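Let me begin by presenting the structure, written as structure tokens, before commenting on it.
Numbering (the working numbering), first residue to last: 1 to 69.
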């Protein structure tokens, strides 16, 4: 019996969204901590953090239910 691993594009996309939102959140956090930064940066940082945690949670659920791991 030959075992084949097929790529899961949904899991890959959600993992990529999680990583990108984390990186954007770190960048916005760095900008928000500077003196004289605009107020929208703090809000953008919070949204990136929320997207990161939700996408990380979804990615974790998909990884747990996957039989290939």
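Don't be surprised by glycine CBs; every beta carbon is placed ideally from N, CA and C.
Since we're looking at a predicted model, the values are computed, not measured.
Every unbroken alpha helix (DSSP H) inside the region 9-37 [4 residues or more]: 9-32
Residue 37 classed as buried or exposed, judged by whether at least 16 other C-beta atoms fall within 10 angstroms: exposed
Contact belief for residue 25 with residue 49 at Cβ below 8 Å, rounded distance in angstroms: 5 Å
Reduced DSSP secondary structure (H/G/I, E/B, other) of residue 2: coil
Inter-stretch contact at 8 Å, needing at least 3 Cβ pairs: the region 27-35 / the region 43-61: yes
Limits of the alpha helix (DSSP H) - the one that residue 55 falls within: 40-65
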